[in-house]
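Single-structure report; data block below.
2 protein chains.
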Amino acid sequence: MADLRFSTKQRILGAAEDLFARRGFAGASLRQVTSAAKVNLAAVNYHFGSKDRLIEEVFRRRLDELNAGRLKALKQALAKPEPKLEDVLAAFIKPALELSLDREGGSAFVRVLARAYAEHNERLRKFLSDNYGHVLKEFAVAFAKQLPQLGKEELYWRLDIVAGALTYAMADFGVIKRRSGQSEREFRERAAEHLIRFAAAGLRE
Amino acid sequence: MADLRFSTKQRILGAAEDLFARRGFAGASLRQVTSAAKVNLAAVNYHFGSKDRLIEEVFRRRLDELNAGRLKALKQALAKPEPKLEDVLAAFIKPALELSLDREGGSAFVRVLARAYAEHNERLRKFLSDNYGHVLKEFAVAFAKQLPQLGKEELYWRLDIVAGALTYAMADFGVIKRRSGQSEREFRERAAEHLIRFAAAGLRE
DNA sequence: CTAGACTTCAAACGATTGTTTGAGAGTTTT
DNA sequence: AAAACTCTCAAACAATCGTTTGAAGTCTAG
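Listed in order, the protein sequences are those of chains A and B. According to this note's numbering, the first sequence is numbered sequentially starting from 530. According to this note's numbering, the second sequence is numbered sequentially starting from 530.
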């Protein structure tokens with residue numbers, strides 16, 4: 530950790546991501562973060578303004594890419610002649626699963642995401658909904674088309690639960706080591722299959 | 530909150546449960562807890578010794594009953610002529626779901642549980658494994674019998690993921706309001722069915 | 001080379017944290 | 001009625017929290 534080739538800002542983000550994953554947002558202090566990042570304590574407030582804004586930047590750094598990947602995958606899935614529920618789910622899951630299996634901080638971030646879900650933090654929820662709400666909305670539309678038997682309200686809370694359960698599951702995937710003799714690619718593909726089947730069962734009537 | 534008919538100890542436990550659910554273990558201070566419970570600040574250390582031990586008692590109060598219910602349900606399920614995977618899952622899920630739909634603090638506790646899963650807290654994990662590990666072990670044996678195609682290692686991490694995802698999902702159920710015209714009992718039964726199908730998909734090969 | 005902007009630094013700010021103290025009230029036991 | 005025990009209380013403890021300050025350092029543009 531705290532690779533000195535990176536800039537102060539990046540080192541702070543990396544250390545914060547790791548510590549937020551391990552101890553939570555309230556549980557990880559700025560002194561622990563700056564110490565792990567090998568930067569001065571005041572650097573956080575200089576570069577980010579406050580701890581809350583640092584938290585937001587930790588999310589933004591990964592979510593911009595993650596949600597772009599999800600939208601691209603969704604577009605491709607919907608371009609198929611007869612897209613299935615499983616295709617929409619794959620578009621949602623695979624980019625996140627890739628992140629969770631990344632060794633360069635991505636796996637820590639997925640655990641941060643899981644925490645955010647569990648936290649139900651008002652300020653954070655608003656930030657996420659403001660910045661990435663449109664992605665969830667596009668997915669919701671696609672899901673609604675696949676699950677016409679569900680009412681709007683019912684669909685929404687089911688998606689919320691499924692997204693939460695998936696996030697939690699993926700947070701754990703980063704920790705799990707694959708079976709020996711199984712390639713990283715194989716492992717990822719099979720994990721994605723499981724999660725998709727898992728989620729489909731939760732969504733279908 | 531803080532019903533003065535209850536003892537100091539019970540009021541502290543109730544307030545702590547609620548605040549831990551809403552702000553996390555690190556996020557909720559003892560002053561917030563004692564203030565909500567309408568007791569003196571020093572009462573926590575007098576009755577529980579420390580904040581960590583208070584956290585443990587919050588768990589113990591609910592988990593003793595929850596896990597006893599799970600064990601009893603498991604025994605009944607295994608007494609059937611040909612128990613299925615779904616029966617074992619039901620024994621695990623239904624007592625917890627009942628707790629999550631309870632209005633008297635039970636729903637707050639399930640959210641506390643979800644936090645504990647997301648936290649990955651070492652001290653807490655040890656406490657839970659020390660006190661309730663035997664319950665999970667009995668379920669693991671039952672699951673292993675239902676899923677002989679899975680290796681021991683693979684079964685274990687799958688159970689971990691499924692338990693986590695279920696815990697998260699149930700934490701959300703406490704918040705969801707049932708459809709109008711649907712009785713509490715109906716709602717619970719259908720929710721349990723969904724979760725069981727959901728979990729079965731994650732476990733089966 | 002120097003002026004000015006950007007970044008880092010040690011030190012301190014007031015507020016809040018978990019915990020301890022010792023006095024006092026209330027209850028039970030002797 | 002005295003002694004012993006249980007519980008509550010306000011006050012204080014050192015430690016740590018997020019944040020701010022102003023000086024020192026580093027870099028770049030003129």
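We treat Cβ as the ideally placed atom computed from N, Cα and C, and that holds for glycine. Computed from a predicted structure; not experimentally measured.
Using a Cβ-Cβ cutoff of less than 6 Å, which residues in the same chain neighbour residue i once the five nearest sequence positions on both sides are dropped?
i                      : result
residue 591 of chain A : 638
residue 635 of chain B : 628
residue 707 of chain A : 716
residue 678 of chain A : 734
residue 693 of chain A : 646
Taking C-beta pairs closer than 7 Å, name the residues in chain A that residue i reaches, listed in chain order.
i                      : result
residue 694 of chain B : 694, 697 and 698
residue 690 of chain B : 698 and 701
residue 726 of chain B : 730
residue 556 of chain B : 555
Considering only residues of the same chain and omitting the five flanking positions on each side of residue i, which have a CB-CB separation below 8 Å?
i                      : result
residue 664 of chain A : 596, 599 and 600
residue 735 of chain A : Because chain A spans 530 through 734 in this model, residue 735 of chain A falls outside it and cannot be assessed.
residue 641 of chain B : 546, 549, 550, 587 and 588
residue 652 of chain B : 581
Hey, how far is the Cα of residue i from the Cα of residue j?
i                      : j                      : result
residue 607 of chain B : residue 671 of chain B : 8 Å
residue 691 of chain B : residue 586 of chain B : 25 Å
residue 644 of chain A : residue 648 of chain B : 7 Å
residue 553 of chain A : residue 580 of chain B : 17 Å
residue 658 of chain A : residue 680 of chain A : 22 Å
residue 654 of chain B : residue 610 of chain A : 48 Å
residue 541 of chain B : residue 551 of chain B : 15 Å
residue 543 of chain B : residue 537 of chain A : 44 Å
residue 705 of chain A : residue 730 of chain B : 19 Å
residue 583 of chain B : residue 604 of chain A : 50 Å
residue 684 of chain A : residue 725 of chain B : 18 Å
residue 602 of chain B : residue 650 of chain B : 29 Å
residue 673 of chain B : residue 614 of chain B : 10 Å
residue 559 of chain B : residue 555 of chain A : 14 Å
residue 571 of chain A : residue 661 of chain A : 30 Å
residue 535 of chain A : residue 630 of chain A : 22 Å
residue 727 of chain A : residue 566 of chain B : 41 Å
residue 712 of chain A : residue 732 of chain B : 21 Å
residue 574 of chain A : residue 718 of chain B : 51 Å
residue 737 of chain A : residue 563 of chain B : One cannot answer for residue 737 of chain A here, as it falls past the ends of chain A, which runs 530 to 734.
residue 697 of chain B : residue 714 of chain B : 21 Å
residue 533 of chain A : residue 703 of chain A : 25 Å
residue 666 of chain B : residue 695 of chain A : 24 Å
residue 539 of chain A : residue 669 of chain B : 43 Å
residue 568 of chain B : residue 568 of chain A : 42 Å
residue 557 of chain A : residue 557 of chain B : 14 Å
What residue from the options has the CA that sits closest to residue i's CA?
i                      : options                       : result
residue 739 of chain B : B:635, B:709, B:563 and B:617 : Residue 739 of chain B is absent from the model: chain B starts at 530 and stops at 734.
residue 709 of chain B : A:725, A:703, A:682 and A:711 : A:682
residue 686 of chain B : A:652, A:723, A:675 and A:734 : A:723
residue 700 of chain A : A:578, A:646 and A:557        : A:646
residue 656 of chain B : B:588, B:669 and B:565        : B:588
residue 531 of chain A : A:593, A:594, A:578 and A:633 : A:633
residue 739 of chain A : A:676, A:703 and A:666        : Here chain A comprises residues numbered 530 to 734, so residue 739 of chain A is not present and cannot be evaluated.
Quick one: list the residues of chain A neighbouring residue i, beta-carbon separation under 8 Å, in chain order.
i                      : result
residue 716 of chain B : Ordered by position in chain A, no residue passes the 8 Å Cβ test against residue 716 of chain B, which lies about 11 Å from the chain.
Mind pulling the chain B residues with CB within less than 9 Å of residue i?
i                      : result
residue 643 of chain A : 646, 647, 693 and 697
residue 576 of chain A : Chain B residues near residue 576 of chain A: none, gap ~24 Å exceeds 9 Å.
residue 622 of chain A : Chain B residues near residue 622 of chain A: none, gap ~13 Å exceeds 9 Å.
residue 663 of chain A : Under the 9 Å cutoff, chain B gives no residues; its nearest Cβ is about 23 Å from residue 663 of chain A.
Please list, in chain order, all residues of the same chain as residue i whose beta carbon is under 7 Å from its beta carbon, the five residues on each side excluded.
i                      : result
residue 561 of chain B : 548
residue 577 of chain A : 583 and 586
Under 9 Å between beta-carbons, which chain A residues line up against residue i? List them in chain order, please.
i                      : result
residue 541 of chain B : Under the 9 Å cutoff, chain A gives no residues; its nearest Cβ is about 20 Å from residue 541 of chain B.
Give the interface partners of residue i over in chain B, defined as CB-CB distance under 8 Å, in chain order.
i                      : result
residue 584 of chain A : Neighbours of residue 584 of chain A on chain B: none; closest Cβ ~13 Å, over 8 Å.
### Task
Would you mind listing the beta strand (DSSP E) stretches within the region 633-669 of chain A that are 3+ residues and don't spill past its ends, in chain order?
none
### Query
At which residue ranges does the region 605-636 of chain B contain complete alpha helix (DSSP H) runs of 4 or more residues, listed in the order of the chain?
614-630
### Task
Give, in chain order, every unbroken run of the alpha helix (DSSP H) that is at least 4 residues long and sits entirely within the region 542-581 of chain A.
559-566 and 571-576
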